[in-house]
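Take a look at the structure below.
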Amino acid sequence: SIIVTAAAAAAVDLFPSSSSSSAEAVTEHPLYKALLSKYESERRGRIKKEIEFRNHLKASNPSSTKASAPSPPDTLRMVPIGRITTPFKKRTGCPRQPALCPSSLATLTLTC
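Just so you know, we're using our numbering here: the sequence shown kicks off at 4 and counts up by one.
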């Protein structure tokens, strides 16, 4: 569509506004027809190559035609080893740089 638009703009420049049906004149201009034909040819070639590539991928790896679910990881049992106590009730109130807020001390109690 960008090429077609450029061709239309070039054709409009070749046809000053003396013609009342400038849109018809643009689409009948040889430059417009040549650029449109080139654009359509390139598009057909691009689509053909994409289909060939897709078929090549399917042929080289037939098991990957459908996305398979990943195997579940081994289970990992986690046990708490301590507790942190802070003056903040929610995580959103905690300062990112604790050195800027020295009055907000936390305590860590290990239970192992």
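Beta carbons: idealized from backbone N, C-alpha and C, even for Gly. As the structure is a computational prediction, the values presented were derived from the model and not from experiment.
Whole angstroms are fine: how far does the CA of residue j sit from the CA of residue i?
i    : j    : result
T110 : K61  : 58 Å
T88  : C115 : 17 Å
F91  : T112 : 17 Å
C104 : P98  : 7 Å
A42  : H59  : Here the sequence assigns Tyr to residue 42, which means Ala is not the residue at that position. Near 26 Å, if we compare the C-alpha coordinates of H59 and Y42.
K93  : R86  : 15 Å
E31  : R49  : 26 Å
E45  : E27  : 25 Å
D77  : E55  : 40 Å
K36  : R47  : 16 Å
A102 : E53  : 57 Å
T95  : V82  : 25 Å
Q100 : N64  : 51 Å
Sort out for me which residues DSSP pairs residue i with in a bridge.
i   : result
G85 : L113
What does the Cβ neighbour count give for residue i, buried or exposed, with the cut at 16 atoms within 10 Å?
i    : result
V1   : This structure cannot speak to residue 1, because the chain is shown only from 4 to 115.
L108 : exposed
S23  : Confidence at S23 is low in this model, with a pLDDT of 49, below 50, so the placement of that residue is unreliable and no value is reported for it.
L34  : exposed
L79  : exposed
Is the CB of residue i under 8 Å away from at least one CB in chain B?
i   : result
L39 : In the displayed structure, chain B is absent; only one protein chain is listed.
Which residues in the same chain have their Cβ closer than 6 Å to the Cβ of residue i, if we skip the five residues on either side of it in sequence?
i   : result
R57 : none
With a threshold of 8 Å on Cβ separation, who are the neighbours of residue i within its own chain once the five nearest residues in sequence on each side are excluded?
i   : result
I84 : L113, T114, C115
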